[in-house]
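For the sequence shown, position 157 (counting from the first letter as 1) is numbered 1152 according to my numbering, and the numbering increases by one without interruption.
The beta carbon of each residue, even a glycine, is placed where N, CA and C say it ideally should be.
The next block holds one structure in the form of C-alpha cells; read it before the comments.
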Amino acid sequence: ALAGVVREHHFREPAIRADLARLGEQPERHPPLPATRLFCERIEGLASADPPALLGTLYVLEGSTNGGRYIAPAVRKSLGLPDGAQAGSGTEYLEPHGDRQACRWSLFKASLDVVTFTPAECDLIAAVASDAFRGVYDIFEDLTHPPNRPQVTACPHPPAEKEEGTPQGT
C-alpha cells in the first residue's frame, strides 16, 4: 500500500535541515521537546508494527503543506527572508512543493483512492491520522509553552474601566 502512495518528495527532513541552516541553526543544538519525541516514537512504532497505518500520519503531514504555503510568506516576512518558495528560502519545509502544491495534493489523494483497504485498515489509518493531528497540536503546545518559560496566569494589563452608561460587552 505504501509503495503506491509515498513519493520521494514526501520525505522532508532535508528541507527542514536546509531551513535550519538558512536560519543559522543546527538541529543538534535543539533537542526534541517531549511532544516531538513522542510523535517520532509513535511513527517508529508504526513503522515496525503496521507500516500501512503510517498513511494516516502522512495524510496529516502532507495535508499541512496546503496551509504551509499560506503561512510561509508571513514567516519569511517576519524573519526578513527573501520572497519566494525555493530551496534555501528558510521556509522550504512549510511549502516544499511550491507551485506544484495543488497538483501534488490531488495526486496524493488520488493515489490513496486506488489502494484497497479493509474496513479495519481504514479505521486504523483514520485513528492514526487523528492521533497525528493531536501530536502536531501537542508539538505546537510544547513550542509555545516550554517548561522553562514562565506561564502567564493573569492578563498583564487590567481591562479598561467602563464609562458610566456604557452597555456591558461593548
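Compare the C-alpha of residue i against each of the options and name the closest.
i, options, result
"G1085", "T1052, I1066, A1044 and A1124", "I1066"
"D1016", "Y1088, A1069 and A1097", "In the sequence on display, residue 1016 carries Ala and not Asp. The candidate whose alpha carbon is nearest that of A1016 is Y1088."
"P1142", "A1010, H1005, L1028 and G999", "L1028"
"A1097", "Q1021, E1036, G1058 and G1019", "G1058"
"D1137", "H1005, R1024, R1012 and R1032", "R1032"
With a threshold of 7 Å on Cβ separation, who are the neighbours of residue i within its own chain once the five nearest residues in sequence on each side are excluded?
i, result
"F1128", "V1055"
"F1034", "G1130 and I1134"
For residue i, which of helix, strand or coil comes out of DSSP?
i, result
"Q1021", "coil"
"E1087", "coil"
"D1045", "coil"
"R1037", "helix"
"G1079", "coil"
"R1095", "helix"
"H1140", "coil"
Can you list, in chain order, the residues of its chain whose CB lies under 8 Å from that of residue i, leaving out five sequence neighbours each side?
i, result
"L1076", "R1017, V1070, S1084, G1085 and T1086"
In its own chain, which residues sit with a C-beta less than 6 Å from the C-beta of residue i, not counting the 5 before and 5 after it?
i, result
"G1164", "Per-residue confidence for G1164 stands at a pLDDT of 46, beneath the threshold of 50, marking its modelled position as unreliable; the derived number appears in the next sentence. Excluding positions up to five away in sequence, the list is empty."
"L1041", "A1048 and L1049"
*asked:* Check whether the stretch 1120 to 1136 and the stretch 1039 to 1057 touch, using three or more Cβ-Cβ pairs below 8 Å as the test.
replied: yes
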